[in-house]
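Presented below is the structure to which this report refers.
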Amino acid sequence: MLKVTDLQVSYGHVHALKGISLEVKQGEIVTLIGANGAGKSTLLRTISGLIRPSHGSITFEEEEVDRLSPDTVVNRGLVQVPEGRKIFSNMTVAENLKVGAYQRKDKEQVKEDLEEVYSLFPILKDRLDQMAGTLSGGEQQMLALSRGLLSKPKLMMLDEPSLGLAPVLVDTVFDVIEKVRDKGITILLIEQNAHLALETAERAYVLETGKIVLSGDSKTLLNDQAVIEAYLG
5 MLKVTDLQVS YGHVHALKGI SLEVKQGEIV TLIGANGAGK STLLRTISGL
55 IRPSHGSITF EEEEVDRLSP DTVVNRGLVQ VPEGRKIFSN MTVAENLKVG
105 AYQRKDKEQV KEDLEEVYSL FPILKDRLDQ MAGTLSGGEQ QMLALSRGLL
155 SKPKLMMLDE PSLGLAPVLV DTVFDVIEKV RDKGITILLI EQNAHLALET
205 AERAYVLETG KIVLSGDSKT LLNDQAVIEA YLG
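According to our numbering, the stretch in the sequence shown is residues 5 to 237, in order.
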């Protein structure tokens, strides 16, 4: 479904991605783990069209997308929920949700999808008129996920969805991630909690300083001594 081949990205003299190649198949949850600065967020931003690669290709559903604008990438069904949520704090919850669907023309289906979002996160329906910036961190993450879902993704890229959340809310978010996959949406996940990420995903890639150094079945990597020492403690 998504294929990244020999992807290279530089910021000035800094070589951020050094020949990344990976694949995400339809219906999978695939996770990227690695230390801060390994290049994980840069990779997602490049796939989203926010950064132009200096070399390599990105193919989504057998179409090259690495030269498309970010809004066109979203229209193709490749949607990112960014690190730090990036909600519009001076807009209401309802307005933030509408932004997620702003490119869609199927208004009746949008209404149905809104109800689906409310079933996943009932508290958002109670907060529709509330300014998004006044929500708790957990509620803001729910809003960011919901906004992404309203873009009608085929593949959803999640960048640190549990960052800053209380443990009980982390469980809620990851329950929703699995429900989203069960609805047929493929997921590429970056997550600071490597143990939880590997337990949730089918496959994983380990990034170090812009390179993939390990990849394979997530359950196998959970028992890999190098992964345990570096990321699982």
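Using N, Cα and C, we set each Cβ at its ideal position, and we do this for glycine too.
Residue i classed as buried or exposed, judged by whether at least 16 other C-beta atoms fall within 10 angstroms
i      : result
Asp179 : exposed
Gly141 : exposed
Gln144 : buried
Val13  : buried
Glu67  : exposed
Lys156 : buried
Thr76  : exposed
Asn100 : buried
Val172 : exposed
Arg89  : buried
Lys44  : buried
Ser73  : exposed
Tyr15  : exposed
Thr224 : exposed
Ala170 : exposed
Val46  : At residue 46 the sequence reads Thr, which differs from the Val that was named. With 16 or more Cβ atoms within 10 Å of its Cβ, Thr46 is classed as buried.
Thr138 : exposed
Gly31  : exposed
Tyr235 : buried
Residue i: first and last residue of the uninterrupted alpha helix (DSSP H) it sits in
i      : result
His59  : That residue, His59, is in no alpha helix (DSSP H); its beta strand (DSSP E) goes 59 to 64.
Met3   : Any question about residue 3 goes unanswered here, given that the chain covers just 5 to 237.
Leu47  : 44 to 51
Val97  : 97 to 104
Thr76  : 74 to 79
Thr138 : No alpha helix (DSSP H) holds Thr138; DSSP gives it neither H nor E.
Residue(s) in a DSSP beta bridge with residue i
i      : result
Lys7   : Glu27, Thr63
Leu236 : The partner list for Leu236 (beta bridge, DSSP) is empty, contrary to what the question assumes.
Tyr122 : Its beta-bridge partners do not exist; DSSP assigns none.
Lys22  : Gln12
Ile268 : With the chain represented from 5 up to 237, any question about residue 268 goes unanswered, as that position is not in the structure.
Glu68  : Thr63
For residue i, the first and last residue of its enclosing beta strand (DSSP E)
i      : result
Lys109 : Where Lys109 is concerned, there is no enclosing beta strand (DSSP E), given that its DSSP letter is neither H nor E.
Gln84  : 82 to 85
Leu225 : Careful: Leu225 lies outside any beta strand (DSSP E), inside the alpha helix (DSSP H) at 222 to 226.
Leu54  : Element bounds for Leu54: n/a, residue is neither H nor E.
Please confirm if the segment 216 to 231 is in contact with the segment 76 to 84, defined as three or more CB-CB distances below 8 Å between the two stretches. With fewer than three CB-CB distances shorter than 8 Å, the segment 216 to 231 does not count as touching the segment 76 to 84.
Residue ranges of each beta strand (DSSP E) within the segment 161 to 220, 3 or longer: Annotation note: the segment 161 to 220 contains the following uninterrupted beta strand (DSSP E) runs of length 3 or greater, listed N- to C-terminal: 190 to 194, 207 to 212.
Just checking, does the segment 92 to 99 make contact with the segment 161 to 168 on the three C-beta pairs under 8 Å criterion? No contact exists between the segment 92 to 99 and the segment 161 to 168.
Quick one: any contact between the segment 123 to 134 and the segment 49 to 59, if contact means 3 or more CB pairs under 8 Å? Three or more Cβ pairs closer than 8 Å define a contact, and the segment 123 to 134 falls short of that threshold against the segment 49 to 59.
Quick check: the segment 179 to 192 against the segment 209 to 219, are there 3 or more CB pairs under 8 Å? No, the segment 179 to 192 is not in contact with the segment 209 to 219.
Three or more C-beta pairs closer than 8 Å, one from the segment 43 to 52 and one from the segment 17 to 24: is that the case here? Segments in contact, yes.
Just checking, does the segment 105 to 119 make contact with the segment 196 to 204 on the three C-beta pairs under 8 Å criterion? Result no; under three Cβ-Cβ pairs closer than 8 Å.
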